[in-house]
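Using my numbering, read the sequence shown as starting at 222 and increasing by one per residue.
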Amino acid sequence: MQEAALYEQLGEGAVRCNVCPRRCVVKPDGRGHCEVRVNRGGKMHTLIYGKCSSVAADPIEKKPVFHYCPGTMVFSIGTLGCNFRCIHCQNWQIAHASPTLGAEELTDLSPEDTVLAAQRYRCQGVAWTYNEPTIWFEYILDTAQMCKQNDLYTVMVTNGYITPEALDELGPYMDVFRVDLKGWDKETYRRLANVPDPEPVRAATVRAKKKWNMHVEVVTNVVPTISDDDEQLRKIAEWIVAELGPDTPWHVTRFIPYLELSDLEPTPTATLEHARRIGLDAGLNFVYLGNVPGHEGENTYCSNCGRLVIDRIGFSIAGINVTKGACGFCGQDLGIVSCDDEKTSTGEDFFTRDLD
Ligand code: SF4
222 MQEAALYEQL GEGAVRCNVC PRRCVVKPDG RGHCEVRVNR GGKMHTLIYG KCSSVAADPI
282 EKKPVFHYCP GTMVFSIGTL GCNFRCIHCQ NWQIAHASPT LGAEELTDLS PEDTVLAAQR
342 YRCQGVAWTY NEPTIWFEYI LDTAQMCKQN DLYTVMVTNG YITPEALDEL GPYMDVFRVD
402 LKGWDKETYR RLANVPDPEP VRAATVRAKK KWNMHVEVVT NVVPTISDDD EQLRKIAEWI
462 VAELGPDTPW HVTRFIPYLE LSDLEPTPTA TLEHARRIGL DAGLNFVYLG NVPGHEGENT
522 YCSNCGRLVI DRIGFSIAGI NVTKGACGFC GQDLGIVSCD DEKTSTGEDF FTRDLD
């Protein structure tokens, strides 16, 4: 058990955690909302430093991240716990778990181990994913610093519920902020995640982009009857255009019935196509469908000439024609970060077909 960062001592042995906007006040022997930060003897400690529940080498497309080092593998790790309690969480076995239960099933991975494993599995980056990385703050910070010393890129797949001071510590070492925006209004966040206000999520996302120049991609899981109305989708899209820029990828993904929302149907493809149209009409250049393998909405089309520049099948890339982040046909800057910064192309014949 390691002493935590970013906490303050209050009276009578209590501490306040300042890692996420819940800013839990924890009495002696108590623990925070996320279950992984505890007060021992008037000091905050983390129970999960270097404790991994899930480890895999994934395509970065699986995060999903489409415009950062496309086609590369990223060493992906997660732990236990979360600062949200989403009623449809796909990873509830780890996100809703406490590290005092099943701790023997956790794998110890130091920052050095993580970098070595990423290199051994020929990954070009490390992603903190599967559960909320913010609550793993100390470990992520140490590991991200080591990644930068070893030329590995860094990705946090996050709900965005992080304080400015925590984000500012990570900022110099984090390349990608892949954030969920579950809806627009307070009621949606309250119903889905038991979070009173999504404004801190939006503020952190803007801070990641504008203060720290992180590459940002936004995901909205479109939940029927809760977050599938035109008004919320339009507000999200307009906000992305205004605050993050029109080249920011927005992934609208299919909801899969789970946990307390098992009675809902999966999001119809037509609803996702409609959401994509809302995003494009709002001025976004790249709106992707998620959890619909084989749909053309997985592909990247040039925002200028309209031609196919990245052809995807699920998480795999079938063909790519991007040169230093720009369209390989017309040279339009697409805002795609290319790992090798050189022409990335597969096959001369692949892109001969025109697309409407
Ligand atoms: S990280 Fe955990 S303990 Fe800290 S404020 Fe958030 S929920 Fe509370």
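Built from N, CA and C at the ideal position, the CB exists for glycine as well.
Review point. So asparagine 422 and leucine 402 are in contact, right, with Cβ under 8 Å, and what is the actual spacing, rounded?
Key: The sequence given here places valine at residue 422; asparagine does not occur at that position. Their Cβ separation, rounded to whole angstroms, is 7 Å, which keeps valine 422 and leucine 402 in contact under 8 Å.
Exercise for review: Measuring from each Cβ to the nearest heavy atom of the ligand SF4, keep the ones under 6 Å and list them in chain order.
Suggested key: Cys238, Val240, Cys241, Arg243, Arg244, Cys245, Gly253, His254, Cys255, Arg258, Asn304 and Ile356
Exercise for review: Measure the alpha-carbon distance for glycine 271 versus aspartate 502 and round it to whole angstroms.
Suggested key: 44 Å
**Study point:** Proximity to glutamate 481 [Cα-Cα], best of Ile308, Ile356 and Ala278
**Key:** Ile308
Review point. Can you name the residues that DSSP bridges to arginine 521?
Key: The displayed chain sequence assigns threonine, not arginine, to residue 521. Paired residues: Ile531.
Review point. Does the segment 397-411 come close enough to the segment 441-451 that 3 or more CB-CB pairs lie under 8 Å?
Key: yes
Practice item. Please name the residue, chosen from Lys264, Asp279, Asp363 and Cys290, that lies closest to methionine 222 on a Cα-to-Cα basis. Key: Lys264
**Study point:** Identity of the residues DSSP links to leucine 510 by a beta bridge
**Key:** Val473
**Study point:** Straight-line Cα distance separating threonine 490 from glycine 515
**Key:** 12 Å
Review point. Nearest-angstrom Cα distance between aspartate 449 and threonine 335?
Key: 39 Å
Review point. Ends of the alpha helix (DSSP H) at proline 385?
Key: 385-391
Review point. What residues are listed by DSSP as bridge partners for glycine 346?
Key: Val295 and Tyr374
Review point. Given glutamate 229, which residues of its chain have a CB within under 8 Å of its CB, disregarding the five upstream and five downstream residues?
Key: Val236, Arg237 and Asn239
Review point. If histidine 472 and tyrosine 522 are in contact, beta carbons under 8 Å, what's the gap, nearest whole angstrom?
Key: Not really, about 15 Å apart at Cβ, beyond 8 Å.
Review point. Applying the criterion that 16 or more other CB atoms from any shown protein chain within 10 Å of the CB defines a buried residue, is glutamate 563 buried or exposed?
Key: For glutamate 563, the predicted structure reports a pLDDT of 45, less than 50, and the residue's modelled location is therefore unreliable. A value from the coordinates is still provided. Glutamate 563 comes out exposed.
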